[in-house]
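Engineer:
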Amino acid sequence: MSLLIKNIKKLVQTETATAVKWRAGKDMQTLPCIDNAWLYIEKDKIADFGSMTTLPALDVQTIDANGKMVFPSFCDSHTHLVYAKSRELEFVDKLRGLTYEEIAKRGGGILNSAEATSLSSEDELFETALQRLNDIMHLGTGAVEIKSGYGLTTESELKMLRVIRRLKEHSPLTIKANFLGAHGVPMQYRGHQKDYVDLIINEMIPLVAAEGLADFIDVFCDKGFFSCEETERILTAGIKYGLCPKIHANEMAVSGGVQVGVKYSAVSVDHLEQMGQAEIEALKGSDTMPTVLPGCAFFLNLPLSPVREMIAAGLPVAMASDYNPGTAPSGNMQLILSMACIRYKLLPEEAINATTINTAYAMDIHDHLGTIAKGKTANLFITKPIPSVDFMPYAFGENKVETVILNGKVQA
71 MSLLIKNIKK
81 LVQTETATAV
91 KWRAGKDMQT
101 LPCIDNAWLY
111 IEKDKIADFG
121 SMTTLPALDV
131 QTIDANGKMV
141 FPSFCDSHTH
151 LVYAKSRELE
161 FVDKLRGLTY
171 EEIAKRGGGI
181 LNSAEATSLS
191 SEDELFETAL
201 QRLNDIMHLG
211 TGAVEIKSGY
221 GLTTESELKM
231 LRVIRRLKEH
241 SPLTIKANFL
251 GAHGVPMQYR
261 GHQKDYVDLI
271 INEMIPLVAA
281 EGLADFIDVF
291 CDKGFFSCEE
301 TERILTAGIK
311 YGLCPKIHAN
321 EMAVSGGVQV
331 GVKYSAVSVD
341 HLEQMGQAEI
351 EALKGSDTMP
361 TVLPGCAFFL
371 NLPLSPVREM
381 IAAGLPVAMA
391 SDYNPGTAPS
401 GNMQLILSMA
411 CIRYKLLPEE
421 AINATTINTA
431 YAMDIHDHLG
441 TIAKGKTANL
451 FITKPIPSVD
461 FMPYAFGENK
471 VETVILNGKV
481 QA
């Protein structure tokens, strides 16, 4: 299939010269665009694009995008969108003053979702997750990382990862699977947590690898969860089986997780609500993407990650949704774009880089997604008529996406 989009008011996040893996520091203010543009798709790839003054004669299906803009699809590099049920009762507990840690200690939080997952069939988890994927697709997301971690038993973790595998087969979104067996400690292992870490290393990881169920391995390295030593053991085991490291770090406290992530060349360290100068220095010169989750900080009223300080230090920053039932029940990346500007004081250009090219790097898909470039996969969206790029984060209460194109095909 071939498709031409013409009369594009502004073609956003174009890449015409040497490919870049991310944008960092002052370069995060760089957002290459072409006004009054066209874009040509062949099969599932971006074949060419340019100014309307250079439009070639093409006898193909055409979309007239007069007054509208074209963006690369958002890449959401941190989600937990396979889950069995919502947790609004805990939302009310938080309103009454209970902390996330207090809810977790009494068996709520992650353990609540783990119990619900154990009682749900693979088909039930698949159907609800597929609907969530459809919802976020129409909000502009074209690639998503999905974690396990609501299993916490070998059987349930494998069940979640098999669901993610089915989602890869049935959804047009680009999906990466992340094994997060070290998301929480089951009640039966409280007081002898080492035994649960041993279970992850000796039983779960080999089985996950044997079925080829995961692209990444992740650990919740934070106060009240997994220590740096435990994190290193789990990551080392995962790396031996070819799993790429990621880390949940510094949500509750300065945990040392950032430094562990850098040591083991994690593709990203995520959350980062608690960050000091030592963490920023550790990230300098590394290949690890610091990833901030504005929805979680908003929902839990957590301190904001020092994003401006990180950028001033020359670091790249990615921003993802953390879509999950307990601490960030939204996968709306348009809202994350707005939060990036409103709460973290990013310029619109910085926020778009944080949710496209930088999150693509955090998913290890930057070679074929995240920008408008020849040869990259044609994952993009056409906006409704909007006045400027700045309108995208400004108008936070509405869906600005009119047409979604994934793998070169218009999605219904």
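Using my numbering, the first residue of the sequence shown is number 71, and each one after it goes up by one.
Even glycine gets a Cβ: it sits at the ideal position worked out from N, Cα and C.
1. Using DSSP with H/G/I as helix, E/B as strand and the rest coil, what is Lys-175?
2. When DSSP labels each residue in this structure, what does Asp-460 get in the three-state scheme?
3. Run the CB neighbour count on Pro-418, radius 10 Å, all protein chains shown included, and call it buried at 16 or more, exposed below.
4. Is it true that the segment 342-354 meets the segment 301-313, where meeting means three or more beta-carbon pairs spaced less than 8 angstroms apart?
5. Spatial neighbours of Ala-383 within its chain, please: CB distance less than 6 angstroms, with the 5 preceding and 5 following residues excluded, ordered by chain position.
6. Cβ atoms of Lys-79 and Met-139: under 8 angstroms apart, would you say?
7. Among all the DSSP beta bridges, which residues are the ones paired with Tyr-110?
8. Give me the Cα-Cα distance between Gly-365 and Ala-127, rounded to the nearest whole angstrom.
9. If you reduce the DSSP assignment to three classes, tell me which class Asn-477 lands in.
10. The beta strand (DSSP E) that contains Met-403, what's its start and end?
11. Output the residue ranges of the alpha helix (DSSP H) runs that lie fully inside the segment 263-304 and measure 4 residues or longer, sorted by chain position.
12. Any chance you could list the beta strand (DSSP E) runs of at least 3 consecutive residues sitting entirely within the segment 415-454, in chain order?
13. Among Thr-124, Ile-412, Gln-263, which has the Cα closest to the Cα of Phe-368?
14. Could you spell out where the beta strand (DSSP E) holding Gly-251 opens and where it closes?
15. Starting from the C-beta of Tyr-220, find all residues in its chain whose C-beta is less than 6 angstroms away, skip the five residues before and the five after it, and write them out in chain order.
16. Contact check, Leu-243 vs Met-207 under 8 angstroms by CB: the rounded distance?
17. With a threshold of 16 other CB atoms inside 10 Å of the CB of Glu-430, please say whether the residue is buried or exposed.
18. Residues in its own chain within less than 6 angstroms of Pro-463 by CB, not counting five upstream and five downstream?
19. Could you tell me the distance, in whole angstroms, from the CA atom of Ala-87 to the CA atom of Gly-327?
20. Could you check which residue in Lys-333, Ala-213, Leu-209, Asn-136 has the C-alpha nearest to that of Ile-435?
21. Any idea what DSSP makes of Met-359, helix, strand or coil?
22. Whole angstroms is fine: what's the gap from Val-130's alpha carbon to Phe-119's?
23. Nearest-angstrom Cα distance between Thr-441 and Asp-357?
24. Suppose only complete runs of 4+ residues qualify. What are the alpha helix (DSSP H) ranges in the segment 176-244, listed by chain order?
25. List the DSSP bridge partners of Leu-81.
26. Could you check whether Glu-300 and Val-278 sit closer than 8 angstroms to each other, using their CB atoms as the reference points?
27. From this set, Gly-179, Ala-174, Met-230, Glu-273, which residue's C-alpha is nearest Leu-200's C-alpha?
28. Three Cβ pairs or more, each shorter than 8 angstroms: is that satisfied between the segment 99-111 and the segment 382-401?
29. Between which two residues does the alpha helix (DSSP H) harbouring Ala-382 extend?
30. Between the alpha carbons of Leu-159 and Phe-466, how many angstroms are there, rounded?
31. What separation, rounded to the nearest whole angstrom, lies between the Cα atoms of Lys-333 and Pro-399?
32. Does the Cβ of Glu-215 have 16 or more other Cβ atoms within 10 Å, making it buried, or fewer, making it exposed?
33. Could you give the C-beta distance for Met-359 and Trp-108, rounded to a whole number, given that I count them as a contact under 8 angstroms?
34. Using beta-carbon positions only, say whether Gly-294 and Ile-270 come within less than 8 angstroms of one another.
35. Where DSSP assigns a beta bridge to Lys-316, which residues make up the other side?
36. Give every residue of the same chain whose Cβ lies closer than 6 angstroms to the Cβ of Lys-113, excluding the five residues on either side of it in the sequence, and list them in chain order.
Structural biologist: Looking at the coordinates:
1. Reading the sequence shown from its first residue, position 105 is the one you call residue 175. Looking at Lys-175 - three-state DSSP - the assignment turns out to be helix.
2. Walking along the sequence shown from the start, residue 460 turns up at place 390. In the structure shown, Asp-460 sits in coil (DSSP, three-state: anything other than H, G, I, E or B).
3. Residue 418 sits at position 348 when you count from the first residue of the sequence shown. With 16 or more Cβ atoms within 10 Å of its Cβ, Pro-418 is classed as buried.
4. Verdict: no, contact absent.
5. On the sequence shown, position 313 is the one that residue 383 refers to. Ile-350, listed in sequence order.
6. Reading the sequence shown from its first residue, position 69 is the one you call residue 139. Reading the sequence shown from its first residue, position 9 is the one you call residue 79. Yes, they are a contact pair.
7. Taking the first residue of the sequence shown as position 1, residue 110 is located at position 40. For Tyr-110, which the question treats as bridged, DSSP gives the partners Leu-74, Asp-118.
8. Translated into the one-based positions of the sequence shown, residue 365 becomes position 295. Translated into the one-based positions of the sequence shown, residue 127 becomes position 57. The straight-line gap from Cα to Cα measures roughly 45 angstroms.
9. Translated into the one-based positions of the sequence shown, residue 477 becomes position 407. Asn-477: coil per DSSP, three-state reduction.
10. Position 333 of the sequence shown holds residue 403. For Met-403, no beta strand (DSSP E) encloses it; the enclosing alpha helix (DSSP H) starts and ends at 403-412.
11. 263-269, 275-280
12. 450-453
13. Position 298 of the sequence shown, counting from 1, holds the residue named residue 368. Nearest C-alpha to Phe-368: Ile-412.
14. Taking the first residue of the sequence shown as position 1, residue 251 is located at position 181. Its beta strand (DSSP E) spans residues 244-252.
15. The residue you call residue 220 lines up with position 150 of the sequence shown. Closer than 6 angstroms at the Cβ level, and outside the excluded window around Tyr-220, lie Tyr-153, Ser-183, Ala-184, Thr-187.
16. For the purposes of this step, residue 243 is taken as residue 173 along the sequence shown, with counting starting at 1. For the purposes of this step, residue 207 is taken as residue 137 along the sequence shown, with counting starting at 1. That pair is a contact at about 6 angstroms.
17. One-based indexing of the sequence shown puts residue 430 at position 360. Checking the displayed sequence, the identity of residue 430 turns out to be Ala instead of Glu. Counting Cβ neighbours within 10 Å, Ala-430 comes out buried, since at least 16 surround it.
18. Within the sequence shown, numbered from 1, the residue matching residue 463 stands at position 393. Contacts found: Leu-407, Ser-408, Cys-411, Pro-418, Ala-421.
19. Looking up residue 87 in the sequence shown gives position 17. Looking up residue 327 in the sequence shown gives position 257. Cα to Cα, the separation comes out at about 36 angstroms.
20. Walking along the sequence shown from the start, residue 435 turns up at place 365. Considering only alpha carbons, the answer is Ala-213.
21. For the purposes of this step, residue 359 is taken as the residue at position 289 of the sequence shown. Residue state, collapsed to three classes: strand.
22. Counted from its first residue, the sequence shown places residue 130 at position 60. Counted from its first residue, the sequence shown places residue 119 at position 49. Rounded to whole angstroms, Val-130 to Phe-119 spans 15 angstroms at the Cα level.
23. Within the sequence shown, residue 441 is the residue found at index 371, counting from 1. Within the sequence shown, residue 357 is the residue found at index 287, counting from 1. Their Cα atoms are separated by approximately 19 angstroms.
24. 180-188, 192-207, 224-240
25. Your numbering for residue 81 matches position 11 in the sequence shown. According to DSSP, which records beta bridges pairwise, Leu-81 is partnered with Ile-104, Val-140.
26. Residue mapping note: residue 278 aligns to position 208 of the sequence shown, counting from 1. Residue mapping note: residue 300 aligns to position 230 of the sequence shown, counting from 1. In this structure, Glu-300 does not lie closer than 8 angstroms to Val-278 by Cβ.
27. Along the sequence shown, read from residue 1 onward, the residue named residue 200 stands at position 130. Answer by Cα proximity: Met-230.
28. no
29. Translated into the one-based positions of the sequence shown, residue 382 becomes position 312. Segment 377-382, the alpha helix (DSSP H) holding Ala-382.
30. Residue 159 sits at position 89 when you count from the first residue of the sequence shown. Residue 466 sits at position 396 when you count from the first residue of the sequence shown. Approximately 26 angstroms between the Cα atoms of the pair.
31. Along the sequence shown, one-based indexing puts residue 333 at 263. Along the sequence shown, one-based indexing puts residue 399 at 329. So the two alpha carbons sit approximately 32 angstroms from each other.
32. Here residue 215 is taken as the residue at index 145 of the sequence shown, counted from 1. With 16 or more other Cβ atoms within 10 Å, it is buried.
33. Here residue 359 refers to the residue found at position 289 when the sequence shown is read from its first residue. Here residue 108 refers to the residue found at position 38 when the sequence shown is read from its first residue. Separation of the CB atoms of Met-359 and Trp-108 is rounded to 32 angstroms, and the pair is thereby denied contact status at 8 angstroms.
34. Position 224 of the sequence shown, counted from the first residue, corresponds to residue 294. Position 200 of the sequence shown, counted from the first residue, corresponds to residue 270. Taking 8 angstroms as the Cβ cut-off, Gly-294 and Ile-270 do not qualify as a contacting pair.
35. Within the sequence shown, numbered from 1, the residue matching residue 316 stands at position 246. The secondary-structure analysis by DSSP pairs Lys-316 across a beta bridge with Asp-288, Ser-338.
36. Taking the first residue of the sequence shown as position 1, residue 113 is located at position 43. Within the same chain, Lys-113 has close Cβ partners Gly-478.
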